[in-house]
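**Student:**
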Amino acid sequence: MPELKIFHKSKTGIFDEASYDEDGMITDFNILPTEIEVSPTPTLRIHSIHPKSQILGDPKSAVQTRSKVQNKSGAHALLSHIQKQQRNNHKDQQHCLFACFLSQEEPKKIAEALQDDSWVQAMQEELLQFKLQQVWVLVDLPHGMKVIGTKWVYRNKRDKRGVVVRNKARLVAQGYTQEEGIDYDEVFAPVARIEAIRLFLAFASFMGFIVYQMDVKSAFLYGTIDEEVYVSQPPGFVDPDHPTKVYKVVKALYGLHQAPRAWYATLSTFLEKHGYKRGTIDKTLFIKRDKKDIMLVQVYVDDIIFGSTNKSWCDEFEALMKSRFQMSSMGELTFFLGLQVKQNKGGIFISQDKYVAEILKKFDLVNVKAAITPMETKVPLTKDEEAIDVDVHLYRSMIGSLMYLTASRPDIMYAVCVCSRFQVTPKTSHLNAVKRIFKYLKVKPNLGLWYPRESPFDLEAFSDSDYSGSNLDRKSTTGRCQFLGQRLILWQCKKQTIVATSTTEAEYVAAANCCGQVLWVQNQLLDYGFNFMNTKIHIDNESTICIVKNPVYHSKTKHIEIRHQFIRDCYKKKLISVEKIHTDLNVADLLTKPFDGPRFHYLVVSIGMINP
Numbered sequence: 001m002p003e004l005k006i007f008h009k010s011k012t013g014i015f016d017e018a019s020y021d022e023d024g025m026i027t028d029f030n031i032l033p034t035e036i037e038v039s040p041t042p043t044l045r046i047h048s049i050h051p052k053s054q055i056l057g058d059p060k061s062a063v064q065t066r067s068k069v070q071n072k073s074g075a076h077a078l079l080s081h082i083q084k085q086q087r088n089n090h091k092d093q094q095h096c097l098f099a100c101f102l103s104q105e106e107p108k109k110i111a112e113a114l115q116d117d118s119w120v121q122a123m124q125e126e127l128l129q130f131k132l133q134q135v136w137v138l139v140d141l142p143h144g145m146k147v148i149g150t151k152w153v154y155r156n157k158r159d160k161r162g163v164v165v166r167n168k169a170r171l172v173a174q175g176y177t178q179e180e181g182i183d184y185d186e187v188f189a190p191v192a193r194i195e196a197i198r199l200f201l202a203f204a205s206f207m208g209f210i211v212y213q214m215d216v217k218s219a220f221l222y223g224t225i226d227e228e229v230y231v232s233q234p235p236g237f238v239d240p241d242h243p244t245k246v247y248k249v250v251k252a253l254y255g256l257h258q259a260p261r262a263w264y265a266t267l268s269t270f271l272e273k274h275g276y277k278r279g280t281i282d283k284t285l286f287i288k289r290d291k292k293d294i295m296l297v298q299v300y301v302d303d304i305i306f307g308s309t310n311k312s313w314c315d316e317f318e319a320l321m322k323s324r325f326q327m328s329s330m331g332e333l334t335f336f337l338g339l340q341v342k343q344n345k346g347g348i349f350i351s352q353d354k355y356v357a358e359i360l361k362k363f364d365l366v367n368v369k370a371a372i373t374p375m376e377t378k379v380p381l382t383k384d385e386e387a388i389d390v391d392v393h394l395y396r397s398m399i400g401s402l403m404y405l406t407a408s409r410p411d412i413m414y415a416v417c418v419c420s421r422f423q424v425t426p427k428t429s430h431l432n433a434v435k436r437i438f439k440y441l442k443v444k445p446n447l448g449l450w451y452p453r454e455s456p457f458d459l460e461a462f463s464d465s466d467y468s469g470s471n472l473d474r475k476s477t478t479g480r481c482q483f484l485g486q487r488l489i490l491w492q493c494k495k496q497t498i499v500a501t502s503t504t505e506a507e508y509v510a511a512a513n514c515c516g517q518v519l520w521v522q523n524q525l526l527d528y529g530f531n532f533m534n535t536k537i538h539i540d541n542e543s544t545i546c547i548v549k550n551p552v553y554h555s556k557t558k559h560i561e562i563r564h565q566f567i568r569d570c571y572k573k574k575l576i577s578v579e580k581i582h583t584d585l586n587v588a589d590l591l592t593k594p595f596d597g598p599r600f601h602y603l604v605v606s607i608g609m610i611n612p
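Quick note, the sequence shown lines up with residues 1 to 612 if you use full-length UniProt numbering.
(1) Tell me residue 613's beta-bridge partners as DSSP assigns them.
(2) Less than 7 Å between C-beta atoms, sequence neighbours within five positions excluded: which residues of the same chain meet that for Val392?
(3) Taking the alpha carbon of Asp384 as the reference point, which residue from Ala357, Asn432, Asp411, Gly347 has its own alpha carbon closest?
(4) Excluding the 5 residues preceding and the 5 following Gln298 in the sequence, name in chain order all residues of the same chain whose CB lies nearer than 6 Å to its CB.
(5) Tell me which same chain residues have a C-beta within less than 6 Å of the C-beta of Ser455, skipping the five on either side of it?
(6) Determine the burial state of Asn586: buried for a count of at least 16 other Cβ atoms within 10 Å of its Cβ, exposed for fewer.
(7) In chain order, what residues of the same chain lie with their CB nearer than 8 Å to the CB of Pro380, ignoring the 5 residues before and after it?
(8) Our contact map puts Asn513 next to Lys574 with C-beta atoms below 8 Å; I'd like the distance itself, whole angstroms only.
(9) Following the continuous alpha helix (DSSP H) through Ile194, name the residue where it begins and the one where it ends.
(10) Out of Val147, Gly608, Pro107, point me to the one whose CA is closest to Thr244's CA.
(11) Which residues does DSSP pair with Ala169 in a beta bridge?
(12) Here's the rule: buried if 16 or more other CB atoms are within 10 angstroms of the residue's CB, otherwise exposed. What is Ile294?
(13) Mind pulling the alpha helix (DSSP H) runs of 4 or more residues that sit fully within the segment 504 to 580?
(14) Check whether the segment 491 to 511 and the segment 458 to 475 are in contact - that is, three or more C-beta pairs closer than 8 Å.
(15) How about the segment 130 to 142 and the segment 241 to 257: do they share at least three Cβ pairs that are nearer than 8 Å?
(16) Can you list, in chain order, the residues of its chain with a C-beta nearer than 6 Å to that of Tyr264? Leave out the 5 residues immediately preceding and following it.
(17) What's the C-alpha gap between Lys593 and Ala122?
(18) So what's Met123 in DSSP terms, helix, strand or just coil?
(19) In the DSSP assignment, what residue or residues form a beta bridge with Tyr184?
(20) What do you reckon, are the CB atoms on Pro374 and Ile281 nearer than 8 Å?
(21) Mind listing, in chain order, the continuous alpha helix (DSSP H) runs of no fewer than 4 residues lying wholly within the segment 420 to 480?
(22) Does DSSP put Ile412 in a helix, a strand or coil?
(23) What are the start and end residues of each continuous beta strand (DSSP E) run of 3 or more residues lying completely inside the segment 205 to 259, in chain order?
(24) Phe206 to Gly347, Cα distance in whole Å?
(25) Suppose the cutoff is 7 Å on Cβ atoms and the five residues either side in sequence are ignored; what does the same chain contact list for Pro612 look like?
(26) In terms of residue numbering, what span does the alpha helix (DSSP H) encompassing Phe600 cover?
(27) How far does the beta strand (DSSP E) with Lys494 in it reach, from first residue to last?
(28) What would DSSP say about Leu114, mapped onto helix, strand or coil?
(29) Taking three-plus beta-carbon pairs below 8 Å as touching, is the segment 232 to 241 in contact with the segment 256 to 271?
(30) Just confirm the distance between the C-beta atoms of Gly479 and Ala588, as a whole number of angstroms; I'd bet it's less than 8 Å.
(31) Among Val434, Gln104, Thr428, whose alpha-carbon lies nearest the alpha-carbon of Val418?
(32) Hey, how far is the Cα of Trp152 from the Cα of His143?
(33) According to DSSP, which residues form a beta bridge with Gly347?
(34) Please report how far the alpha carbon of Gln565 lies from the alpha carbon of Ser429, in whole angstroms.
(35) Label Ile388 either buried or exposed according to how many other C-beta atoms from any shown protein chain fall within 10 Å of its C-beta, with 16 as the threshold for buried.
(36) Hey, how far is the Cα of His601 from the Cα of Ala357?
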């Protein structure tokens, strides 16, 4: 119960100005009731307006997000109090700081955003970055020049648990109106391949260092463009004194075709100036090394991951980047490009279990029955033209969600690739096959790739094919994967572009495809300081091995396209070596055909997938 307050009588008496109504009539107090019924149950006084004395911090301050909470603020004191209570539920911390201050919905139009103070604050922060970086200048539109429109894009930034931690408003230029050769020349974005990210993590697990992550705030605004570009004033923030003027863009703006290239040029020049070298093959990789230590920096547009065998180098790099750009340090790498990364002394574990839960909930398949394998073995998929059509948009959405999941789940790779071949006119049988993949994911949601530290760092590959496995056009399916010790870094399942006339030809085409990927990994590892020669490619077909080793012309192979023959040249130069392996031990077999339970789970374990 709150303390009762003592109210003093007014010195002016009760007959003051409050006794008169709006019409000047005096209130008659003789008609008031003489008895008043009072409830025996005491009640609390309810205030429609929260007392300012109980507000933590300055009531006039801006919206407080996690990055803005200072150690001396009342919000930080509240968070410290919750942590002292040793509550295991993280929602106590998250909701107390963010749920009351951040908008949980993403507005679709500018009119909706202007009615929400949190989104207005986000838009003002974006425009403040424009002012600090001196992105544009307000001018009159020159004669003969066209203006590019602008629009606001609203996104809720979430952490790995799905909690909204920030409202982000991005002002984007409508770059689709630009014409190539007039408004821009070349387009390039510093986007690292997902294989390069897994290779980076495999190397980190082998060397035993921790990988960290940083994010550049408004990265594109740091690049300078050479073209003359004019954009309209931001919707909702038009200068009232100069409503007809436009902005001349001095630096790159999100949405412009030349923006990613300008940002990459600024970043690469800055890093090379301070002793970093770009990768020979991967231009998004920057390396710094001496005789004992090595520092690696991998860039994906404005997200940067880095690690070094010397911890002090990581601290120096973080300070270096903050001296030039506005950076936000995110600590150890835990979530990157949709991949959940867990680092410990034993190695690195990569998974997407949070994403699995999201797509199961999205397609209302949380309560479906379980399946031990992702695909049926006895009933192959066909066109099934007499069956009932299904919603093509739903089917394609499910396929797209599963394709994104294959970044860490090679166990569903073959099933997803087969189902994706029927996206034009999907039938009920195809939809049931896709649902079976989700049923399997329900049983194994936490399955992921394990990169153990105590494992050699030797490159080896496995190649296999399923002869005429496609019932539609009788084409074969190629399956290949590459390992660094026990760390699976690359895999592929693809239907061949030719119709093979024999199992030897199908295996030969698959081996040539695998050889090309091995060469890419070899060149990539040169930047890491490893020179791999005679990389083993394991093949379970004896005839294919003989064709690779024997340079004598064979009449039965003269029809094989020239682009597949370079594997002989690689073998002659001792870049690769081919070795026979038993079919039961060829793990690439997982990517060529469906299997029953025991065989399937054996192959899943063999490629290094575990369920923590």
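Don't be surprised by glycine CBs; every beta carbon is placed ideally from N, CA and C.
**Tutor:** With the given structure in hand:
(1) There is simply no residue 613 to check, as the chain begins at 1 and stops at 612 in what is shown.
(2) One-based indexing of the sequence shown puts residue 392 at position 392. Cβ within range, chain order: Pro426.
(3) Taking the first residue of the sequence shown as 1, we reach residue 384 at position 384. Nearest option by C-alpha distance: Asn432.
(4) For this step, residue 298 is matched to residue 298 along the sequence shown. These residues qualify, in order along the chain: Ala192, Phe200, Leu285, Ile305.
(5) In the sequence shown, counting from the first residue as 1, residue 455 sits at position 455. So the qualifying residues of the chain are Gly485, Gln486.
(6) Taking the first residue of the sequence shown as 1, we reach residue 586 at position 586. Label assigned to Asn586: buried.
(7) Here residue 380 refers to the residue found at position 380 when the sequence shown is read from its first residue. Asn471.
(8) Position 513 of the sequence shown, counting from 1, holds the residue named residue 513. Position 574 of the sequence shown, counting from 1, holds the residue named residue 574. 20 Å between Cβ atoms; not a contact.
(9) Here the question's residue 194 lines up with position 194 in the sequence shown. Residue range 194 to 207 is occupied by the alpha helix (DSSP H) that includes Ile194.
(10) As a first step, residue 244 must be located in the sequence shown, where it is residue number 244. Nearest C-alpha to Thr244: Val147.
(11) Translated into positions along the sequence shown, residue 169 becomes position 169. In the DSSP output, where bridge partners are listed per residue, Ala169 has Tyr154.
(12) As a position in the sequence shown, residue 294 is number 294, starting the count at 1. It is buried - the Cβ of Ile294 has at least 16 other Cβ atoms within 10 Å.
(13) 542 to 549, 566 to 572
(14) yes
(15) The answer is yes - the segment 241 to 257 touches the segment 130 to 142, with three or more Cβ pairs under 8 Å.
(16) For the purposes of this step, residue 264 is identified with residue 264 of the sequence shown, where counting begins at 1. Result list for Tyr264: Pro190, in chain order.
(17) Counted from its first residue, the sequence shown places residue 593 at position 593. Counted from its first residue, the sequence shown places residue 122 at position 122. Computed Cα separation, rounded: 50 Å.
(18) As a working note, residue 123 is residue 123 in the sequence shown. Met123: helix per DSSP, three-state reduction.
(19) Position 184 of the sequence shown, counted from the start, is the residue given in the question as residue 184. Looking at the DSSP assignment, Tyr184 forms a beta bridge with Glu180.
(20) The residue labelled residue 374 in the question sits at position 374 within the sequence shown. The residue labelled residue 281 in the question sits at position 281 within the sequence shown. Not a contact, by the Cβ cut-off of 8 Å.
(21) 428 to 443
(22) Here residue 412 refers to the residue found at position 412 when the sequence shown is read from its first residue. Residue state, collapsed to three classes: helix.
(23) Qualifying beta strand (DSSP E) stretches, in chain order: 212 to 216, 224 to 231, 246 to 251.
(24) The residue labelled residue 206 in the question sits at position 206 within the sequence shown. The residue labelled residue 347 in the question sits at position 347 within the sequence shown. Rounded to the nearest angstrom, the two C-alpha atoms are 8 Å apart.
(25) Residue numbering aside, residue 612 sits at position 612 when the sequence shown is read from its first letter. So the qualifying residues of the chain are Phe349, Asn446.
(26) Here residue 600 refers to the residue found at position 600 when the sequence shown is read from its first residue. 597 to 606 is the extent of the alpha helix (DSSP H) around Phe600.
(27) On the sequence shown, position 494 is the one that residue 494 refers to. Lys494 -> beta strand (DSSP E) spans 487 to 495.
(28) If you number the sequence shown from 1, residue 114 lands on position 114. Leu114: helix per DSSP, three-state reduction.
(29) Contact between the segment 232 to 241 and the segment 256 to 271 is absent, because fewer than three Cβ pairs lie under 8 Å.
(30) Your numbering for residue 479 matches position 479 in the sequence shown. Your numbering for residue 588 matches position 588 in the sequence shown. The pair is a contact, with the Cβ atoms about 4 Å apart (cut-off 8 Å).
(31) Position 418 of the sequence shown holds residue 418. It is Val434 whose Cα lies nearest to the Cα of Val418.
(32) By one-based count along the sequence shown, residue 152 stands at place 152. By one-based count along the sequence shown, residue 143 stands at place 143. About 27 Å.
(33) Locating residue 347 in the sequence shown gives position 347, counting from the first residue. DSSP, once it has assigned bridges, lists Asn344, Pro452 as partnering Gly347.
(34) Against the sequence shown, residue 565 aligns to sequence position 565. Against the sequence shown, residue 429 aligns to sequence position 429. Going from the Cα of Gln565 to the Cα of Ser429 covers about 39 Å.
(35) Here residue 388 corresponds to residue number 388 of the sequence shown, with the count starting at 1. Exposed: under 16 other Cβ atoms inside 10 Å.
(36) Against the sequence shown, residue 601 aligns to sequence position 601. Against the sequence shown, residue 357 aligns to sequence position 357. Whole-angstrom Cα-Cα distance: 22 Å.
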